[in-house]
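Undergrad:
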Amino acid sequence: MDEIIQLILCVIVVHYLSCLYKQYTLASLFSSVKEASMTWKHIIIIPVVSSLVLVLIFFFPKIGKYFLYFSVFFTGFTCFYLIFTPLTEKLNSLPDNLKYFITCVLAVFVIVMYIMVHTTFTTNLVGIGVAIAIQSLLYVSKVYIPVVLLTVMFFYDIFWVFGSVLVPVFDGKSVMVETAKTATSLKLPLLLEFHSIFGDGHFMIGLGDIVLPGILINFTYCLDRFYKTKYFFCTLGGYIFGLLLTILMLWKFRVGQPALLYLVPSMFVGFFGHGFYTKTLKTAFSMNLSDNYTQLFQDSLSGNDPQSDQMHQEIVLHDPEEMVEQLDKREDEKKRAEDTKDNIYSIELD
Numbered sequence: 005m006d007e008i009i010q011l012i013l014c015v016i017v018v019h020y021l022s023c024l025y026k027q028y029t030l031a032s033l034f035s036s037v038k039e040a041s042m043t044w045k046h047i048i049i050i051p052v053v054s055s056l057v058l059v060l061i062f063f064f065p066k067i068g069k070y071f072l073y074f075s076v077f078f079t080g081f082t083c084f085y086l087i088f089t090p091l092t093e094k095l096n097s098l099p100d101n102l103k104y105f106i107t108c109v110l111a112v113f114v115i116v117m118y119i120m121v122h123t124t125f126t127t128n129l130v131g132i133g134v135a136i137a138i139q140s141l142l143y144v145s146k147v148y149i150p151v152v153l154l155t156v157m158f159f160y161d162i163f164w165v166f167g168s169v170l171v172p173v174f175d176g177k178s179v180m181v182e183t184a185k186t187a188t189s190l191k192l193p194l195l196l197e198f199h200s201i202f203g204d205g206h207f208m209i210g211l212g213d214i215v216l217p218g219i220l221i222n223f224t225y226c227l228d229r230f231y232k233t234k235y236f237f238c239t240l241g242g243y244i245f246g247l248l249l250t251i252l253m254l255w256k257f258r259v260g261q262p263a264l265l266y267l268v269p270s271m272f273v274g275f276f277g278h279g280f281y282t283k284t285l286k287t288a289f290s291m292n293l294s295d296n297y298t299q300l301f302q303d304s305l306s307g308n309d310p311q312s313d314q315m316h317q318e319i320v321l322h323d324p325e326e327m328v329e330q331l332d333k334r335e336d337e338k339k340r341a342e343d344t345k346d347n348i349y350s351i352e353l354d
């Protein structure tokens, strides 16, 4: 039973830390992150590329092994470099080149430790770091992107766990389960393992089952930081409930389960339920947080409370009609300011 407690605490920490790191990435690297924002094409690319990787590992495990090693090492170094950067930035007395060097050394140290000390702990450590970094870097300005992506991945997970068994070319085997076995045998940080301290209990969860739901969880965190809502807690609570439901199904059927089959509906119940209850769902889907991100997280890093009374007086997500009216007003003011700037520029040219 303690392995389940380890799992729950771990995913909560991962999601929360990824949200905190998102503050840094959006405040310090906003222009770079915005260029890599998720769009409709990613909803197609992610399941297609993931499917190709699964098939590659299933049919060619030896080739897939080296592909995974390269991907993990490169991704791991990059992710830990991003994780250590905010920490080394606090060393104000050091020159930038030395900060860069220290960050690289720390990232290399973690990866080398993983290679030299190939244990469940080091594998989990790298996996957690990768999950935190990826979630913090994924930029989403509208909520429909993670909602549609999770819906697509919901069916993706079901097919590769259960549906692939019915495809003759896979010889009655579950592609997802076989791939997970390969990753486990190689101790690759593509999943997290939790072992009971007091018994033989054992539980595994794939990074995809953390990172993909984390896109929506991160968005709701940003939403709550700017507006007075509780989408983050409701969505994260739905995620935890979905995990418990997954574990229950594992115990009952004694066969690998597609975690997204339970995580996605549970999260949607929390997210949409809160939206219907507070009558803010339509407004939440109509919002684009892109214009608010920079100011929001710069205030957060400077020590100002982004949920100040002044900010709440400006926009509060309790009256949807008023919210839309105020958003339209802001857009009109922004357009008038741009027109005024253009007119001044034209006068100067004349």
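Under the numbering used here, read the sequence shown as residues 5 to 354, first letter to last.
A virtual CB, placed ideally from N, CA and C, is assigned to each residue, including glycine.
As the structure is a computational prediction, the values presented were derived from the model and not from experiment.
If I'm right that isoleucine 221 touches threonine 239 with Cβ under 8 Å, what's the distance once you round it to whole angstroms?
TA: Taking the first residue of the sequence shown as 1, we reach residue 221 at position 217. Taking the first residue of the sequence shown as 1, we reach residue 239 at position 235. Contact holds; Cβ gap of about 6 Å.
Undergrad: For leucine 190 versus methionine 208, is the C-beta spacing smaller than 9 Å?
TA: By 1-based counting over the sequence shown, the position of residue 190 is 186. By 1-based counting over the sequence shown, the position of residue 208 is 204. No, these two residues do not count as a Cβ contact at 9 Å.
Undergrad: So what does glutamate 197 bridge to, in DSSP terms?
TA: Within the sequence shown, numbered from 1, the residue matching residue 197 stands at position 193. Met208, per the DSSP bridge assignment.
Undergrad: Which two residues bound the contiguous alpha helix (DSSP H) that contains serine 140?
TA: Here residue 140 refers to the residue found at position 136 when the sequence shown is read from its first residue. 124-141 is the span of the alpha helix (DSSP H), which, as asked, contains serine 140.
Undergrad: Beta carbon of glutamate 182, beta carbon of isoleucine 67: below 9 Å?
TA: Within the sequence shown, the letter at position 178 stands for residue 182. Within the sequence shown, the letter at position 63 stands for residue 67. No; because the gap between Cβ atoms is not below 9 Å, this pair is not in contact.
Undergrad: Could you name the residues of the same chain whose beta carbon sits closer than 7 Å to that of proline 150, not counting the 5 residues immediately before and after it, in chain order?
TA: Counting from one through the sequence shown, the residue named residue 150 turns up at place 146. Result list for proline 150: Val144, Ile219, Leu220, Phe223, in chain order.
Undergrad: CB-CB under 7 Å to histidine 19, same chain, minus the five flanking residues each way: which ones, in chain order?
TA: By 1-based counting over the sequence shown, the position of residue 19 is 15. Closer than 7 Å at Cβ, skipping near neighbours: Gly218, Ile221, Leu240.
Undergrad: Between the alpha carbons of glycine 279 and tyrosine 235, how many angstroms are there, rounded?
TA: By 1-based counting over the sequence shown, the position of residue 279 is 275. By 1-based counting over the sequence shown, the position of residue 235 is 231. The straight-line gap from Cα to Cα measures roughly 8 Å.
Undergrad: If you draw a straight line from the C-alpha of glycine 80 to the C-alpha of serine 140, how long is it?
TA: Along the sequence shown, one-based indexing puts residue 80 at 76. Along the sequence shown, one-based indexing puts residue 140 at 136. Roughly 14 Å between the two C-alpha positions.
Undergrad: Is there at least one Cβ from chain C nearer than 9 Å to serine 55's Cβ?
TA: In summary, chain C is missing from the structure at hand, where a single protein chain is found.
Undergrad: Starting from alanine 111, trace the alpha helix (DSSP H) in both directions and tell me its first and last residue.
TA: Here residue 111 is taken as the residue at index 107 of the sequence shown, counted from 1. Counting along the chain, the alpha helix (DSSP H) containing alanine 111 begins and ends at 100-120.
Undergrad: Tell me whether proline 262 sits in a helix, a strand or coil according to DSSP, three-state version.
TA: Start at 1 with the first residue of the sequence shown, and residue 262 comes out as number 258. Coil.
Undergrad: Given this structure, state the Cα-to-Cα distance separating methionine 291 from tyrosine 25, to the nearest angstrom.
TA: If you number the sequence shown from 1, residue 291 lands on position 287. If you number the sequence shown from 1, residue 25 lands on position 21. Those two C-alpha atoms are separated by around 23 Å.
Undergrad: Return the CA-CA distance between leucine 267 and histidine 122, expressed in angstroms with no decimal places.
TA: In the sequence shown, the residue the question calls residue 267 occupies position 263. In the sequence shown, the residue the question calls residue 122 occupies position 118. Distance between the alpha carbons of leucine 267 and histidine 122: 30 Å.
Undergrad: What residue ranges within the stretch 6-58 form continuous beta strand (DSSP E) runs of no fewer than 3 residues, ordered along the chain?
TA: Segments of the beta strand (DSSP E) lying fully in the stretch 6-58: there are none.
Undergrad: Enumerate in chain order the residues of its own chain whose CB-to-CB distance from tyrosine 148 is below 7 Å, with the five nearest sequence positions on each side excluded.
TA: By 1-based counting over the sequence shown, the position of residue 148 is 144. Cβ neighbours of tyrosine 148 beyond the five flanking positions: Phe289.
Undergrad: Could you compute how far the alpha carbon of lysine 229 sits from the alpha carbon of threonine 126?
TA: Counted from its first residue, the sequence shown places residue 229 at position 225. Counted from its first residue, the sequence shown places residue 126 at position 122. At residue 229 the sequence reads arginine, which differs from the lysine that was named. C-alpha separation (whole angstroms): 33 Å.
Undergrad: From Thr188, Phe163, Phe275, pick the residue whose C-alpha is nearest to that of glycine 176; which is it?
TA: Walking along the sequence shown from the start, residue 176 turns up at place 172. Nearest option by C-alpha distance: Phe163.
Undergrad: Using only the alpha-carbon positions, how far apart do isoleucine 244 and phenylalanine 113 sit?
TA: Start at 1 with the first residue of the sequence shown, and residue 244 comes out as number 240. Start at 1 with the first residue of the sequence shown, and residue 113 comes out as number 109. Their Cα atoms are separated by approximately 33 Å.
Undergrad: Could you check where the alpha helix (DSSP H) with glycine 176 kicks off and where it finishes?
TA: Against the sequence shown, residue 176 aligns to sequence position 172. Premise fails: glycine 176 is in no alpha helix (DSSP H) and is neither H nor E.
Undergrad: Is it true that the CB of glycine 131 sits closer than 9 Å to the CB of leucine 211?
TA: For the purposes of this step, residue 211 is taken as residue 207 along the sequence shown, with counting starting at 1. For the purposes of this step, residue 131 is taken as residue 127 along the sequence shown, with counting starting at 1. Against a cut-off of 9 Å, the Cβ pair of glycine 131 and leucine 211 comes out as a contact.
Undergrad: Ordered along the chain, which non-local residues of its own chain (more than five positions away) have a Cβ less than 6 Å from that of cysteine 14?
TA: Residue numbering aside, residue 14 sits at position 10 when the sequence shown is read from its first letter. Taken in chain order, the list of residues that qualify is empty.
Undergrad: Thinking just about the alpha-carbon of each residue, which of Lys185, Val179, Thr284, Leu194 is nearest to the one in leucine 56?
TA: The sequence position of residue 56 within the sequence shown is 52, counting from 1. Among Lys185, Val179, Thr284, Leu194, the Cα nearest to that of leucine 56 is on Val179.
Undergrad: Grab me the residues of valine 169's own chain with a C-beta within less than 8 Å of its C-beta, minus the 5 sequence neighbours each way, in chain order.
TA: Here the question's residue 169 lines up with position 165 in the sequence shown. Closer than 8 Å at Cβ, skipping near neighbours: Gly176, Lys177, Ser178.
Undergrad: May I ask which residues mark the beginning and end of the alpha helix (DSSP H) holding phenylalanine 158?
TA: Numbered from its first residue, the sequence shown carries residue 158 at position 154. Taken as a continuous stretch (DSSP letters only), the alpha helix (DSSP H) holding phenylalanine 158 covers 148-165.
Undergrad: Going by other Cβ atoms of all chains shown within 10 Å of its Cβ, with 16 needed for buried, is aspartate 161 buried or exposed?
TA: Your numbering for residue 161 matches position 157 in the sequence shown. With 16 or more Cβ atoms within 10 Å of its Cβ, aspartate 161 is classed as buried.
Undergrad: Assign glycine 203 to one of three DSSP states: helix, strand, or coil.
TA: The residue labelled residue 203 in the question sits at position 199 within the sequence shown. Residue state, collapsed to three classes: coil.
Undergrad: I'd like to know whether the C-beta atoms of tyrosine 85 and leucine 192 end up nearer to each other than 9 Å.
TA: Looking up residue 85 in the sequence shown gives position 81. Looking up residue 192 in the sequence shown gives position 188. Not closer than 9 Å, so no.
Undergrad: Give the secondary structure of valine 215 by DSSP, where H, G and I count as helix, E and B as strand, and everything else as coil.
TA: Along the sequence shown, read from residue 1 onward, the residue named residue 215 stands at position 211. The answer is helix: DSSP assigns valine 215 an H, G or I state.
Undergrad: Alpha carbon to alpha carbon, what distance is there between isoleucine 87 and threonine 29?
TA: For this step, residue 29 is matched to residue 25 along the sequence shown. For this step, residue 87 is matched to residue 83 along the sequence shown. Approximately 10 Å, taken between the alpha carbons.
Undergrad: DSSP three-state label for glutamine 317, please.
TA: Taking the sequence shown and counting its residues from 1, the one referred to as residue 317 is at position 313. Here glutamine 317 scores only 38 on pLDDT, less than 50, and its place in the model is too uncertain to base an answer on.
Undergrad: Nearest-angstrom Cα distance between valine 76 and phenylalanine 64?
TA: For this step, residue 76 is matched to residue 72 along the sequence shown. For this step, residue 64 is matched to residue 60 along the sequence shown. So the two alpha carbons sit approximately 18 Å from each other.
Undergrad: Just confirm the distance between the C-beta atoms of phenylalanine 158 and leucine 249, as a whole number of angstroms; I'd bet it's less than 8 Å.
TA: By 1-based counting over the sequence shown, the position of residue 158 is 154. By 1-based counting over the sequence shown, the position of residue 249 is 245. In fact, because the Cβ distance is near 14 Å, the residues do not count as touching under 8 Å.
Undergrad: Roughly how many whole angstroms lie between the Cα atoms of threonine 82 and serine 41?
TA: Translated into the one-based positions of the sequence shown, residue 82 becomes position 78. Translated into the one-based positions of the sequence shown, residue 41 becomes position 37. Whole-angstrom Cα-Cα distance: 18 Å.
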